[in-house]
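Data block below; observations after.
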Amino acid sequence: MPRVQPEDFRLVKLQELRRLGVDPYGGRFPNTQPIGEILLAFEPESPKRVRAAGRITNLRAMGKASFLDIKDRSGSVQAFFQHKRLGQEKFRIHDQLEPGDLVGVDGELTKTRTGEITIFVDDFTVLAKALLSPPEKWHGLRDPDMRYRRRSVDLFTNEEVAECFLKRSRIVDGIREFLRQRGFIEVETPMMQPLPGGAAARPFITHHNALDIDLYLRVAPELYLKRLLVGGMERVFEINRNFRNEGIDRQHNPEFTTVELYQAYGDYSDMMELAECLVRSLALQIDPGGKLPFGEMEINYAAPFKRLDYFNAFQEANGFPADDVGRVREKARRLGVEEARLGDELVLDRVFEATVEDHIVQPTFVVDYPAALSPLTKPKPDDPRVAQRWDLFIGGMEMGTAYSELNDPQLQEKKFLQQLEGEDEEQETLRTVDDDFLRALAYGMPPAGGMGLGIDRLVMLMTNNPAIREVILFPLLRPRKEG
RNA sequence: GCCCCCUUAGCUCAGUCGGCAGAGCAACGGAUUCUUAAUCCGUGGGUCCAGGGUUCGAGUCCCUGAGGGGGUACCA
Numbered sequence: 195m196p197r198v199q200p201e202d203f204r205l206v207k208l209q210e211l212r213r214l215g216v217d218p219y220g221g222r223f224p225n226t227q228p229i230g231e232i233l234l235a236f237e238p239e240s241p242k243r244v245r246a247a248g249r250i251t252n253l254r255a256m257g258k259a260s261f262l263d264i265k266d267r268s269g270s271v272q273a274f275f276q277h278k279r280l281g282q283e284k285f286r287i288h289d290q291l292e293p294g295d296l297v298g299v300d301g302e303l304t305k306t307r308t309g310e311i312t313i314f315v316d317d318f319t320v321l322a323k324a325l326l327s328p329p330e331k332w333h334g335l336r337d338p339d340m341r342y343r344r345r346s347v348d349l350f351t352n353e354e355v356a357e358c359f360l361k362r363s364r365i366v367d368g369i370r371e372f373l374r375q376r377g378f379i380e381v382e383t384p385m386m387q388p389l390p391g392g393a394a395a396r397p398f399i400t401h402h403n404a405l406d407i408d409l410y411l412r413v414a415p416e417l418y419l420k421r422l423l424v425g426g427m428e429r430v431f432e433i434n435r436n437f438r439n440e441g442i443d444r445q446h447n448p449e450f451t452t453v454e455l456y457q458a459y460g461d462y463s464d465m466m467e468l469a470e471c472l473v474r475s476l477a478l479q480i481d482p483g484g485k486l487p488f489g490e491m492e493i494n495y496a497a498p499f500k501r502l503d504y505f506n507a508f509q510e511a512n513g514f515p516a517d518d519v520g521r522v523r524e525k526a527r528r529l530g531v532e533e534a535r536l537g538d539e540l541v542l543d544r545v546f547e548a549t550v551e552d553h554i555v556q557p558t559f560v561v562d563y564p565a566a567l568s569p570l571t572k573p574k575p576d577d578p579r580v581a582q583r584w585d586l587f588i589g590g591m592e593m594g595t596a597y598s599e600l601n602d603p604q605l606q607e608k609k610f611l612q613q614l615e616g617e618d619e620e621q622e623t624l625r626t627v628d629d630d631f632l633r634a635l636a637y638g639m640p641p642a643g644g645m646g647l648g649i650d651r652l653v654m655l656m657t658n659n660p661a662i663r664e665v666i667l668f669p670l671l672r673p674r675k676e677g
């Protein structure tokens, strides 16, 4: 038994092609024009010869003639195959074509009697015989699970899916362009790290045989990018994957892409300006009015984004101050948070999430977080309990975070050690002290602003897809035997 | 992790009160030289997710499990 069972009726056609002396898996087919361009260049009064290649998406056979719809990445065109025009031998080969096959065609571009722009084919090449049928033409491939598992089919069948990933590519291009113009250079730092740092999340663990050491897939690139600041790379960014061994839902995939950047001699207010400008410019590229739908919501990307002071917002939403530990815990219990085994600062964060963050729809910077939640962040000069940090929320999602980066090596060490002391509700969440990073800091890191933005979520907003799996080409799925 | 829903032909789906397993598309045979989801005539196609139970009889009711979807929880 082959691993993938071809459909019998397609094997028959495959054999017939070979019997006719045709290689069903063609070869180079040069000098084609994108179908979209062919259609744009059409002039009714002066028919031209054209050459196109693509997938047969539909086929209407009528005895001695048939119409095939041929689709490439740029568009779709009708091709007319006629016995009279092709001759007995070629028409016989044409009879073996089916929806899903890839063909190259040569012919004259004119209109049919009904006015459809059509390639009147006088020669063609079989480029690939499909041994599995494409999805049914009315409803197509709709089941989300099947769409993710067979993303190839999803992409060539569902126009809007292909479009979404085209947009994603353009968004990433846009981010790179934006940052280059501001003097940032792109770098790549380790995805496999001896110590997972930069965020508190459960890491994936792997093993390197030659060195016989465990390595962690990174949960964040932060500590490496900061080493580059020490090294004198004053404006750096990295667009790459992070890996977190956590749950999967509409906003979370175990591997996800972020852009993380550092700007020497700046701080979190520079990052705020940068983030606002970047996100706004991406939105404006899609809608000149800067208003985009997201599910039931309409998001207005007009500047300036709203600013919300963490402690003021907390007081306003809850009617008591964030440092009233007793009332914070009481509120947490009422919200159904199991607060007993959590530290004060984590309980506060839960209550803040439930009462403030979850209700944010329009682009909003939540500014000045409790320092206890932000160990890599420079505290405010006038109040060490407050960190120079903001989180950006849009459409109910956390889009990113930024700090004035902590560059005091001794304070950093102290904060690392405090993290170790805090009772750890997640046994698997590693909290370690990265001595090598501390050593780098000790050589002197310039004060800097740093920021991370979730690119998948950004794409969700820009393409109006409320599920992260719609914007990741191959989201993680449970493997399935029968396929 | 917990709650709710879904799983029937290659695909998209219907299936009433527990009583012979259904449609469209796709496939196969035929007709058709300007069609547009082509049309017309004909044919074949099922481990009803898996296992167990109730019943004279289960796609349908009950239990267990698997996979998926949605929600919720977790994710400095």
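Note that the numbering used here has the first sequence beginning at 195, numbered continuously upward.
All C-beta atoms, glycine included, are put in the ideal place defined by N, C-alpha and C.
Being a predicted model, the structure only gives us computed values, none of them experimental.
Query: Residue nearest to L211 in terms of C-alpha spacing, selected from I554, G248, L325, P603; Result: L325
Query: Y342 in three-state terms, based on DSSP; Result: helix
Query: Where V541 sits in the DSSP three-state scheme; Result: helix
Query: Nearest-angstrom Cα separation, counted from P293 out to S327; Result: 7 angstroms
Query: R343 to V381 span [Cα, whole Å]; Result: 32 angstroms
Query: Presumed contact (8 angstroms Cβ cut-off) between F559 and W584, rounded CB distance; Result: 5 angstroms
Query: N436, buried or exposed, once every other Cβ within 10 Å from all chains shown has been counted against 16; Result: buried
Query: Euclidean distance between Cα positions of V315 and P241; Result: 13 angstroms
Query: Segment contact, 8 angstroms Cβ cut-off, at least three pairs: the region 273-280 with the region 197-209; Result: no
Query: Reference T595, options P448, D461, V297, closest by Cα; Result: D461
Query: First and last residue of the uninterrupted beta strand (DSSP E) at K265; Result: 259-266
Query: Whole-Å CB distance - Y504 paired with D562, under 8 angstroms assumed; Result: 5 angstroms
Query: Opposing strand residues paired with W332 [DSSP bridges]; Result: Partner(s): none; W332 has no beta bridge.
Query: Helix, strand or coil at E676 [DSSP, three-state]; Result: Residue placement at E676 is poorly supported in this model, since its pLDDT is 39, which falls under 50; the coordinates still yield a value, given next. Three-state DSSP puts E676 in coil, outside helix and strand.
Query: 7 angstroms CB neighbourhood of G377 in its chain, flanking five on each side removed; Result: R429
Query: For S475, the three-state DSSP class (helix, strand or coil); Result: helix
Query: Where H678 falls, given that 16 or more other Cβ within 10 Å makes a residue buried; Result: The shown model of the chain, from 195 to 677, leaves out residue 678, and the question about it has no answer.
Query: Where A185 falls, given that 16 or more other Cβ within 10 Å makes a residue buried; Result: One cannot answer for residue 185 here, as it falls past the ends of the chain, which runs 195 to 677.
Query: Where E622 falls, given that 16 or more other Cβ within 10 Å makes a residue buried; Result: Because the pLDDT at E622 is just 44, under 50, the model does not fix this residue reliably, and the point stays unresolved.
Query: Contact belief for G298 with T351 at Cβ below 8 angstroms, rounded distance in angstroms; Result: Not quite, the Cβ-Cβ distance comes to about 21 angstroms (not below 8 angstroms), so this is no contact.
Query: Nearest candidate by alpha-carbon position, reference S475, set E310, A393, P498; Result: P498
Query: Collapsed DSSP secondary structure at A255 in the structure displayed; Result: strand
Query: Limits of the alpha helix (DSSP H) - the one that N512 falls within; Result: 504-512
Query: Euclidean distance between Cα positions of E231 and G484; Result: 30 angstroms
Query: Residue interval of the alpha helix (DSSP H) (run including K207); Result: 202-213
Query: Distance CB(L486)-CB(F631) smaller than 8 angstroms; Result: no
Query: Contacting residues, own chain, Cβ-Cβ under 8 angstroms from E440 (five flanking each side not counted); Result: A395, R396, H446, P448
Query: Short Cβ contact (8 angstroms threshold) for L455 with M656; Result: no
Query: Proximity below 8 angstroms, CB of I662 to CB of T451; Result: no
Query: Of the listed residues A458, E371, M591, nearest to Y597 (C-alpha basis); Result: A458
Query: Exposure of L670, with buried meaning 16 or more beta-carbon neighbours within 10 Å; Result: exposed
Query: The region 238-257 contacting the region 300-310, beta-carbon criterion three pairs below 8 angstroms; Result: yes
Query: For H402, the residue or residues it bridges with in DSSP; Result: I407
Query: Three-state secondary structure (DSSP) of F431; Result: strand
Query: Assigned exposure category for M386 - 16 Cβ within 10 Å defines buried; Result: exposed
Query: Residues of its chain near R544, where Cβ-Cβ distance is below 8 angstroms and the 5 sequence neighbours each way are ignored; Result: A526, L529, V531, E533, L536
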